[in-house]
Amino acid sequence: MPFFAREDAPLSSMPEFPIDLADRCVMCGLCIPHCPTYALTRNENESPRGRIALMQGLARGQLEPDASSFAHLDHCLECRACESVCPSRVPYGRLLDDMRAQLRQNGRRTRRSVRWLLTLLGGTPARLRRWSNYLYLYQRLGLQRLTATLGYLGSRRLRRLNRLLPVMSRPEAPITLHPANVRVETLGKVQLFTGCASRLLDRQTREAAVYLLTRLGYVVNIPQQQVCCGALHRHEGESALAAQLAEHNLQAFDKREGPILSLASGCSSHLSEYPLTTTDWRAEGFSERAEDITGFLARARWPERLQFAPLEGKVAVHEPCLQRNVLKQSFHTYALLQKIPRLEVVPLTGNELCCGAAGSQMISQPEQADALLTPKLAAARDMDVTYLVSTNIGCALHLAAGLREQGQEIEVLHPLTLLARQLRTQ
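Basically our numbering = 1-based index in the sequence shown + 10.
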């Protein structure tokens, strides 16, 4: 990946930045109470309104880019809660992505703390499989515990990643096509978008999704040539690389094979906005067919033959920001979990604010990420829950790491995993 732009290069004019969209902002401030970074700092520059003013100044050449302006833009989590309450419908997420892209094109380098992560996650499927093997052996041989105990990982970034790593499953050869359950009539075909982090670190959710879909009667195709959705790359200003990844996925998914179901709500949100990432003519049709898998399953007709075993316990639902603010589909998770008899389903207190994971932010902005995570952990403890579910892999890793460090024995998992466990066999 071509990370070789100079940080000290001068900022030229920015004709591609949609200044007209930024000018929609009437500076009313209704977004401010909903912004997690403003809640932490009480600094106007750390609010959507402040960042829009900063972007306008940079775009018009009224401000010179410096470390301070970079920091305010970098701190933004892109939770997009501000968009949900904006009376002028300012597309804040698009503005921030476009500004970061312009800064990148005019000389600013991608942040060092996430540069190599983009390289890994944006790699080929074969590279992700190799890394899955490496990480499995790393845990199996006890190296994860050893490095953490002895402090061998000098880099703070590596220490953060080491704590996030879940229990890895034994690597297996990838299976592309999963037939529908032979006892039922085939309802159709679906395609599964596994992305990068989910493919690398979350095999149990993938297996749960396949199990539920095939039991319902769907043939499941998992295209092996699919790659990262490109969300992290776009958010870091790597617009060209994000477009390349999007175009690769447009090629990998066959339009004749039914809807495209995403396992992670962060990916689902980005897939729904592919026309903003690439000018490829196929992007609009792709986005129309892509959806979060929880929505698909919540709308599905569940026949009486599929019964769920009762489960005594209490589950708190963490609502990832993009599922809540962009997809606006958090209710699907509750609908699915309520199919399990005797399970108490409640929202995690504080769902209106980001948990701090925010893609790569939990690595690049650790203090901020942990400050936002702390009230989530306290809420889970005070609510006395047995399970904590989240539909986004990054949020789940962030929450699970925090709970482990506090010694809280609360299992963090995707809601589909809990459903698959309780679905009775025939």
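For glycine and all other residues, C-beta sits at the position ideal for the given N, C-alpha and C. Since we're looking at a predicted model, the values are computed, not measured.
- L271 is positioned such that its CB atom lies closer than 8 Å to that of V200.
- Around the beta-carbon of N335, 16 or more other beta-carbon atoms lie within 10 Å, marking it buried.
- Counted as a single uninterrupted DSSP element, the beta strand (DSSP E) harbouring D302 occupies residues A300 to D302.
- Collapsing the DSSP output to three states places L273 in coil.
- Boundaries of the alpha helix (DSSP H) harbouring K386: P376 to D392, taken from the DSSP string.
- Cβ-Cβ distances below 8 Å link H82 to N55, E56, G60, R61 and L64 in the same chain, with the five nearest sequence neighbours on each side left out; the list follows chain order.
- Excluding residues up to 5 positions away in sequence, L202, L273, I303 and L426 lie with their Cβ nearer than 7 Å to the Cβ of A219 in the same chain.
- The continuous alpha helix (DSSP H) containing N143 extends over residues P135 to R150.
- Runs of the beta strand (DSSP E) lying entirely within the stretch 193–277, each at least 3 residues long, are 198–203, 228–231 and 270–272 in chain order.
- It is roughly 5 Å from the alpha-carbon of L358 to the alpha-carbon of A326.
- Note on Y144: under 16 other CB atoms within 10 angstroms of its CB, so exposed under the neighbour-count rule.
- Within the stretch 330–360, complete beta strand (DSSP E) segments of at least 3 residues are found at 353–357, given in chain order.
- Inclusion of G227 and T204 in the CB contact set at 8 Å is not warranted, their separation being larger than that value.
- Taking a contact to require three or more Cβ pairs closer than 8 Å, the stretch 364–380 and the stretch 107–127 qualify as touching.
- Counting along the chain, the unbroken alpha helix (DSSP H) around V95 starts and ends at A91 to V95.
- In the structure shown, the three-state DSSP call for E54 is helix.
- Taking C-beta separations shorter than 8 Å and ignoring five residues to either side along the sequence, the partners of W312 in its chain run L226 and K349, following chain order.
- Distance from C206 to V177 at the Cβ level is roughly 19 Å; contact not present, criterion being Cβ atoms closer than 8 Å.
- When L138, E88, L156 and L433 are compared, the shortest CA-CA separation from E314 is found for L433.
- V36 sits exposed, since fewer than 16 C-beta atoms from the chains shown fall within 10 Å of its C-beta.
- Per DSSP, the continuous beta strand (DSSP E) segment holding E421 begins and ends at E421 to L423.
- Taking a C-beta distance under 8 Å as the contact criterion, L40 and C96 qualify as a contact pair.
- With 16 or more neighbouring CB atoms inside 10 Å of its own CB, C92 falls in the buried class.
- In the DSSP annotation of this structure, the continuous segment of the beta strand (DSSP E) that includes G323 starts and ends at G323 to V327.
- Beyond the five residues adjoining it in sequence on each side, F306 comes within less than 7 Å, by CB distance, of P269 and L271 in the same chain, given in chain order.
- Going by beta carbons, L87 and C364 fall inside the 8 Å limit.
- The Cβ neighbour count for G276, taken over all protein chains shown within 10 Å, is at least 16; the residue is labelled buried.
- Distance from the CA atom of A381 to the CA atom of E298, rounded to whole angstroms, is 37 Å.
- C405 and N172 have their C-alpha atoms some 16 Å from each other.
- Three or more Cβ pairs drawn from the stretch 250–258 and the stretch 280–289 lie within less than 8 Å of each other, which places the two stretches in contact.
- Within the DSSP bridge table, the entry for F318 names L433 as partners.
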